[in-house]
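All remarks here apply to the structure that follows.
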Amino acid sequence: MYYELRSYDINPDRIDEYLVWASTKAVPFFKSRGMRVIGFWKAVDTAEAEFPPSGPASATNIHWMLAWENEAEMRAKWGEVRGSAEYQEILKERIDPETGGQKWHRVVRSALLAPTEASPLQ
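Position in the sequence shown (from 1) plus 996 gives the number in my numbering.
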């Protein structure tokens, strides 16, 4: 099993709006297409944590993860999803009608992860 970690820097002023969109539109759509969303997280302020960050604060405030049998499945599913008219309609909601730019996303990162022997998730 492979895991895709997606990390986003979402505009903090609009994060609540983004979370509603993600939970009512994006994630249900992904699940309806057979994508295995295994987690969706909002970062917590760690300023008071026992182990605070050692560097500058990160603007990354949303993380979510998908499970894949392999890289080929990931590429095939994303290709199918991105090519669908329904997904294109869902994506239109991310555009700010006043500016034509992104309402929520500032930066999007994705990493495909393969488990090591030490990982409980295989």
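Note that CB positions come from ideal geometry on N, CA and C, so glycine has one too.
(message) One question on the structure: do R1078 and S1003 come within less than 8 Å of each other, judged by their Cβ atoms?
(response) no
(message) Give me the DSSP bridge partner(s) of V1033.
(response) L1062
(message) Here's the rule: buried if 16 or more other CB atoms are within 10 angstroms of the residue's CB, otherwise exposed. What is A1067?
(response) According to the sequence shown, residue 1067 is Glu rather than Ala. Exposed is the call here.
(message) Per the DSSP calculation, E1013 is bridged to which residue(s)?
(response) E1013 pairs with nothing; no bridge assigned.
(request) Ignore the nearest five residues each way along the sequence and tell me which others in M997's own chain have a CB closer than 8 Å to its CB. (result) A1063, W1064, E1065, P1111, L1117 and Q1118
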